[in-house]
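J.:
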Amino acid sequence: MPERADAARNRVKILEAAEELFTARGAADVTMEDIARAAGVGRGTLYRRYPDRAAIAVALLDEHERRLQESLLRGDPPLGPGAPPAQRLAAFYEAMVELLERHAPLVLGTEVGHSRFTTGAYGFWRTHVKVLASGAPDPDVLADVLLAPLAPELYLHQRARGVTPERITASLRQLAGLLQLGEGSVEGG
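Here it is, written out as structure tokens:
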């Protein structure tokens, strides 16, 4: 059943308000009351859709991940189809660093430890990278290896050490450039 227009407007208002509050104060310092007030909706409206802050964080992250997934499937190259696999991987890394920079605490809240590997988003990212690596020996193993640098714990650890998103992106681009994904081999050099 399609979402009612008023429900869709409320969902957008709630997610926008939550994102602003989470960004300004951190998710742990935002209450459901704060979100309802900032969104201009009643608490009942908020709780009917989202039972807690974690559910809002997952929904908010889901919106951002869906946009990225759409770009991977139908966007312009090099992120979308039409570029060589190594260039697409580099563009994917750059997009993921942007996502992590903006939403790492949300990602961390939904992808902790082993649960990271069971989320729908990780499955999508893994399939995407595995397809990009299909010309390499054992792309099934390589896909997880190539996604490992995007673990939210690692990203936050690097940022806490003062490593900039630009440095992280540059290193990941270099890693993607070392791989001859479309050539059927992986070379270091």
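Counting in my numbering, the sequence shown runs from -12 upward without gaps. Backbone N, C-alpha and C fix where the C-beta goes; we use that ideal spot for every residue, glycine too.
#1: At the level of alpha carbons, what is the spacing between GLY29 and LEU93?
#2: What's the C-alpha gap between ASN(-3) and GLY13?
#3: Please classify GLN74 as buried or exposed, where buried requires at least 16 other C-beta atoms within 10 Å of its C-beta.
#4: In the DSSP assignment, what are the bridge partners of LEU159?
#5: Does the segment 114 to 134 touch the segment 45 to 52, meaning 3 or more C-beta pairs lie closer than 8 Å?
#6: Quick one: is TYR80 buried, meaning 16 or more other Cβ sit within 10 Å of its Cβ, or exposed?
#7: Are ASP(-7) and LEU8 touching if we call contact CB-CB under 8 Å?
#8: Decide if VAL(-1) is buried, meaning its Cβ has at least 16 other Cβ atoms within 10 Å, or exposed.
T.: From the atom records:
#1: Rounded to the nearest angstrom, the gap between the Cα atoms of GLY29 and LEU93 is 24 Å.
#2: So the alpha carbons of these two residues sit roughly 22 Å apart.
#3: Under this definition GLN74 is a buried residue.
#4: Secondary-structure assignment with DSSP links LEU159 through no beta bridge to anything.
#5: Short answer: they don't touch.
#6: Per the 10 Å Cβ criterion, buried.
#7: Their beta carbons are not under 8 Å apart, which means ASP(-7) does not touch LEU8 by this criterion.
#8: Burial state of VAL(-1) is exposed, judged by a 10 Å Cβ sphere holding fewer than 16 other Cβ atoms.
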